[in-house]
Each structure stands twice: as C-alpha cells, then as structure tokens.
Amino acid sequence: SSGINAEYGEIGNVCFIRLGENAGKTGVVEDLVDQKHLLIDGPDSGLARSVIRLNQIAITDLKVKIPRGCKTKVVRAALAKDDIPAKFLKSGLSKKSEAQQAKAALGDFARFKMRESKTAHNRKIRSTVRKLKKSS
Amino acid sequence: WYQRRVRGAELKEYELVGKPLSKTNETTPIYKMTIFAPDEVVAKSRFWYFLRQMKKVRKVNGEILRLSLRSNTSPTKIKNFGIWVRYDSRSGSHNMYREYRDVSRTGAVTQCYRDMAARHRARAHSIQIMKIESIKAGDTRRPLTKQMHDKKKEIPLPHRELKYTKKSMNVANRPSTKQ
Chain D
433 SSGINAEYGE IGNVCFIRLG ENAGKTGVVE DLVDQKHLLI DGPDSGLARS
483 VIRLNQIAIT DLKVKIPRGC KTKVVRAALA KDDIPAKFLK SGLSKKSEAQ
533 QAKAALGDFA RFKMRESKTA HNRKIRSTVR KLKKSS
Chain H
159 WYQRRVRGAE LKEYELVGKP LSKTNETTPI YKMTIFAPDE VVAKSRFWYF
209 LRQMKKVRKV NGEILRLSLR SNTSPTKIKN FGIWVRYDSR SGSHNMYREY
259 RDVSRTGAVT QCYRDMAARH RARAHSIQIM KIESIKAGDT RRPLTKQMHD
309 KKKEIPLPHR ELKYTKKSMN VANRPSTKQ
C-alpha cells in the first residue's frame, strides 16, 4: 500500500511533509491549531517543532500514542518505542520519495544513459508489436 | 538597519515609550504603548497617531524614549487569544471581541487583520487593536475556538486538492481526491 491515510488528521498521526522548506521530512502531529494548521514535531528527521499547513503534508497510516501538546522528548521516546522510522522506510511513500530524490540528483551523463536505455527499450517493444500485427 | 518590508508577512509587536517635550524644564508624563506593526517606521507613526488622539501631544512636540521589539513567548505552544478591536465601518465605529487560535500574539493579531478585511472589508488603517489577551480554554466564547479543545478532535480530509501533484488535464479517468 502507499502508506497514506486518507481519512483523518489527528493527534499522534505520523505525517510526511511534501511542500515547503521541510519537504521530505516526517513528523508527528502534536496538536491542532485550527482546521487547516497542525503543530508538528519530527525529532528523528530533523524537523523542529513548528506549525504547518494541512495542504503541505501527507498523513500516513502510522500512528503513535502521545498526549496532546507534549514535549519533544516524549515524542522521541514514542517514535523509538513503536520503531516508526523503520516502519516508515518500508512504506510506499518513503520509497517513492527516495526515488524522486535519486532522480533529481542524477547528473547529465546519467540522464543521457536513462534516455538512451528508455528509447532502446520502447523501440524493441514497438518493433515486436508491429511484427505480431503483421503476422496476424 | 531598515529591513525591507515584505507584503503579507506577520506583524511584529513593538513596545513604544514616549513623552511630550516640555518648553520649561518641568517633568512631563511618560506614556507606554504596545503597537502591532510591520516595521519600526509604521510603529512610530501609529504611536503618535494614538497618543495624539488621547493626549495633547504631537510628534513635533514629543520624543520617543524607547522602541523595542517584543519577541513571542512560547512559540510552539498553541494559545487561544481574545482580541478586543475597534473598527470604522462605512457607516460608523464599532467595538468587537474576536477569538483566534495561534502560537503567538503577533500571529493572532495578523489573523485578526486578515479576518476583519475578509469579513467586514475593514482596512488596516480603520482597525484599532485595543487589547489582546491569552485566554484559558474554559473562558473562550466562540464555537470555532472551542471545537479545537477536544483532545480526540479529528480533522476530516474529505476532498484534497493538492498542489504538489501536477496532474494532467487530459486523462481518461476522473482523478482521485483522496490524498
């Protein structure tokens, strides 16, 4: 599964930040400011305790049990107890984000190689399909 | 040094202290004010604007003794702010009490200005922040603030239109809005 929870944002939910300067980090929802803002904290991913907008994040289906508005060290202990970082690495979100980062970090030569291999691959497929069409 | 003002940025809280100059060498009363403004220039201007309305002193006849920028206390703790506002509508002047949830006083006051502009078409020059107080959850009056005090509160995410996804406009199937 993609690891994204489509239903609710609530206290304890682990979030993945998609937009903004903290993009790519994960955090835990500590409190709700209003309908569109959350107080989020991600001690294991280098995210400082801060307010974030709902439309900047994707809410995952991982959840920790924390009291509302607790201190960062409580969040850190809860994340370690449920082993959230390891669980998140297995999720589709994490893998997709890693793949995107790897692609963005490709050099010009690597992109050239990718393009060439993709062209060769598609050419092979298309020629095979054409041969099958001709023979049928 | 003068920081370039950014439109739409959060206001800052300034504490200004000033007094009228005396022509004779007698001591004059000193007045202190809290002003929410984008920068020091506006802060000083508003200080004289309000002081002139309340006391017989003008910028020409007065001096500012201190202008200090107040920092936000506990910027990671969510607070409920009650803001008492006076504003001029098209047909008169009104008092209001408004509530906002934010982590800082400056954030709440900025929200208030945006909210007043949206709901009452009030421009910043016609709004006066009379008082702002951090209020205990039990003393809040507005249902919009009160609903966030529930520990088990969930924010439903029914229809998400997300900016980070660049979906094509020509697709065979209707796109999903579930995150």
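From first to last, the protein sequence lines are chains D and H.
Residues 433 to 568 in our numbering are what the first sequence lists, from first letter to last.
Residues 159 to 337 in our numbering are what the second sequence lists, from first letter to last.
Glycine included, every Cβ here is placed at the ideal spot set by N, Cα and C.
Looking at chain H, is there any beta carbon in it that lies within less than 8 Å of the beta carbon of D493(D)? In the first sequence, residue 493(D) corresponds to position 61, counting from 1. No - not a single Cβ of chain H is within 8 Å of the one on D493(D).
How is the alpha helix (DSSP H) around E171(H) delimited, first residue to last? For the purposes of this step, residue 171(H) is taken as residue 13 along the second sequence, with counting starting at 1. Run containing E171(H): none in the alpha helix (DSSP H); it sits in the beta strand (DSSP E), 170 to 178.
Alpha helix (DSSP H) containing K522(D): first to last residue? Translated into the one-based positions of the first sequence, residue 522(D) becomes position 90. Taken as a continuous stretch (DSSP letters only), the alpha helix (DSSP H) holding K522(D) covers 516 to 522.
Collapsed DSSP secondary structure at L209(H) in the structure displayed: By 1-based counting over the second sequence, the position of residue 209(H) is 51. Three-state DSSP puts L209(H) in a helix.
Chain H partners of R485(D), CB-CB under 9 Å? Numbered from 1 along the first sequence, position 53 holds the residue referred to as residue 485(D). Ordered by position in chain H, no residue passes the 9 Å Cβ test against R485(D), which lies about 10 Å from the chain.
Secondary structure of T551(D), DSSP reduced to three states: Taking the first sequence and counting its residues from 1, the one referred to as residue 551(D) is at position 119. It is helical.
Counted within 10 angstroms of its Cβ, other Cβ atoms place S549(D) as buried (16 or more) or exposed: The residue labelled residue 549(D) in the question sits at position 117 within the first sequence. Classification for S549(D): exposed.
So, are the CB atoms of Y245(H) and I285(H) less than 8 Å apart? Position 87 of the second sequence, counted from the first residue, corresponds to residue 245(H). Position 127 of the second sequence, counted from the first residue, corresponds to residue 285(H). It is a contact, given that the beta carbons lie within the stated cut-off.
For W242(H), collect the residues of the same chain with a Cβ closer than 6 Å to its Cβ; drop the 5 residues on either side in sequence, then sort them by chain order. Here residue 242(H) corresponds to residue number 84 of the second sequence, with the count starting at 1. Around W242(H): Y255, M288, K289.
Candidates V446(D), K513(D), E442(D), A509(D): which alpha carbon is nearest S526(D)'s? Mapped onto the first sequence, residue 526(D) falls at position 94. Taking only the C-alpha atoms, the option nearest S526(D) is V446(D).
How big is the Cα-Cα spacing for R272(H) and P187(H)? Start at 1 with the first residue of the second sequence, and residue 272(H) comes out as number 114. Start at 1 with the first residue of the second sequence, and residue 187(H) comes out as number 29. Near 35 Å, if we compare the C-alpha coordinates of P187(H) and R272(H).
At a CB distance below 7 Å, what residues from the region 294 to 322 of chain H approach chain D? Give them in sequence order. M306, K309, K311, E312, I313, P314, L315, L320, K321, Y322
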